[in-house]
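Every letter in the sequence shown is one number past the one before it in the numbering used here, and letter 391, counting from 1, is 484.
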Amino acid sequence: MARPAILNSIERKSMLLIGDFLIILASLNVFINHAIDKEFISFELKTYMFSLGIISYFTLAYILDFYNLEKVAKRRHILSQSLYITALYVFVVFLAAVIFFDVSFWRIPLLIFLLLTPLEIGLWRLFFGNIFKIIPTTKNVLYIYDDQTEKNLKEDLAIINGEEMETFYTVKLTFSVDHHSLKNKHMFLAATEKIDTWIINTKSYSSLPPDLERILLRSIIKGREVLSFTSFYENTYEALPIRSHNDSFYEILQLRNKKIRYLQKVFSFMVNFFLALFVGLIFLLSVPFVYLLNVFFNKGPLFYTQKRVGRYGKEFKIYKFRSMVVDAEKSGAMMATANDHRITPVGRMLRAFRIDELPQIISVIRGDMQFIGPRPERKVFVTQLNSIIPFYNTRHLIKPGITGWAQVKYKYGENLEDSVRKLEYDLYYIKNRSITLDLRIIFKTITTVIFSRGI
């Protein structure tokens, strides 16, 4: 007997979002139609306030990672996060109503809005979390591989099972096209009835045995999900698995690269222009503050410069506020680590809030960098990593950025394994650049700065 339908992560997030939307709509209705004195409000003002309320809530929710299903599943996160975000939201709406719309309030409905909104969101999310303890949330997987991919079997199974990140997939059955047979076809067929997803990691679909192809076709007709391992990895982890590609990878990437829409290019230009003005102003205002810290607590040069590798392998000079001791690399080039002993106390504070990165605006203005792109590395490390990691130079197809997909998705890189993972995120960005992805990076960067997360 087939298992009941399982909602994927997008469908679960949609349910969560719809529930939040209805609660926010109801709370705004109380606030706008009952808490505000009617003589102060018109239809146009109501429209503006409804729009402001909805946009401000979902913007805050996205920035503060409110739709992370892993956190929603953990009861200890639900109430604290719900109270924090909705309290911030009602404060923003209340403040906007006072400052921008100059309205007066009836106290009891206002109190209902201020107190009940966080409570309603918290209870809804507790209910949502309990629903998915009853409804199946994990898809059973049949993993098919061959001799060529068997060497990575243990690692691939760990990736699918979500040992590093929740994937909502569990491998229940494995099949090698080179070593397993379908002598007991009926038993295998019965086992596949409990399978929700086929993940195929072979050199080609044509390598599947005819009997297995027929069972696969039967599963497709029944509505089962069929994915290549590369597609699964890209869709789930939002990164490109380097070792799953062959030599045609460069052609695929360059072809996609040429098809970037004109609208995305215009958006990228606008982001760089307006953020250059905004970040440039913050940079100028920060110089006196950092200078004083430097004079009293961080003796040495205010700035440090270094050559980095940019687009098409061309070297350029970057500028940062100095965050390490003077002569930090007197014994040779060393890759920085999250808890690097060379970082000064002042430097640690500057790095925590990305203040040390502000002078990179100079490189953006000069055209060597953009705001969003792969992080630029030094020539010595590029040469070293390119000799070890396949396709490493592909990250130089676009201008490097102050922030990027790898920085907001992965921890601080300290070793070869981290460099590989970050490259997978960089290549995903290069392949899938879009306005939506750029906006996600901008919002996640804001979250990173707010919570002082290492990148």
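All C-beta atoms, glycine included, are put in the ideal place defined by N, C-alpha and C.
As the structure is a prediction and not an experimental result, all values here were calculated from the model.
- Cα atoms of Y397 and A189: separation of roughly 42 Å, rounded to the nearest angstrom.
- Rounded to whole angstroms, the separation of the alpha carbons of I465 and D249 is 30 Å.
- Straight-line measurement puts the Cα of E259 at about 27 Å from the Cα of E213.
- The DSSP-derived three-state label of S321 is strand.
- Residue pairing by DSSP puts W291 in a beta bridge opposite L235 and V319.
- Rounded to whole angstroms, D304 and F261 show a C-alpha spacing of 29 Å.
- In the three-state reduction of the DSSP assignment, I465 falls in the strand class.
- Exclusion of the five residues before and after F159 leaves I178 as the residues of its chain whose Cβ lies within less than 6 Å of its Cβ.
- Within the same chain, Cβ atoms closer than 7 Å to the Cβ of Y155 are found at F536, the five residues on either side in sequence being excluded.
- In the DSSP assignment, K278 falls outside any beta strand (DSSP E) and within the unbroken alpha helix (DSSP H) covering K278 to T285.
- Counting C-beta pairs closer than 8 Å gives fewer than three between the segment 467-482 and the segment 431-451, which falls short of the contact rule.
- In this structure, the alpha-carbon of F446 lies about 25 Å from that of F409.
- Residue pairing for R401: DSSP places it in a beta bridge opposite F409.
- Residue range Y262 to S269 is occupied by the beta strand (DSSP E) that includes K265.
- About 24 Å separates the beta carbons of L443 and S424, which is beyond the 8 Å limit, so they are not a contact pair.
- The Cβ atoms of R404 and H272 lie no closer than 9 Å to each other.
- The closest CA to that of G497, considering only R526, K296 and L509, is found on R526.
- In the three-state reduction of the DSSP assignment, G255 falls in the coil class, being assigned neither a helical nor a strand state.
- Counting along the chain, T540 sits inside no beta strand (DSSP E); it lies in the alpha helix (DSSP H) bounded by residues I528 to I543.
- Each of P211, K358 and I205 was checked against the Cα of N126, and the nearest Cα belongs to I205.
- In terms of Cα proximity to K413, the closest of E422, K407, Q174 and K400 is K400.
- DSSP links T496 through a beta bridge to I465.
- In the three-state DSSP reduction, F446 falls in the coil class, being neither helix nor strand.
- Taking the Cα of F221 as reference, the smallest distance to any Cα among S107, I411, I491 and S312 is reached at S107.
- Per DSSP, the continuous alpha helix (DSSP H) segment holding G373 begins and ends at Y355 to F390.
- Taking K139 as the centre and dropping the five residues before and after it, the same chain places the C-beta of I125 closer than 6 Å to its C-beta, in chain order.
- For Q241, the number of other beta carbons within 10 angstroms of its own is below 16, and it is reported as exposed.
- For the options E517, L368, I201 and L385, the alpha carbon positioned closest to that of I455 is the one of L368.
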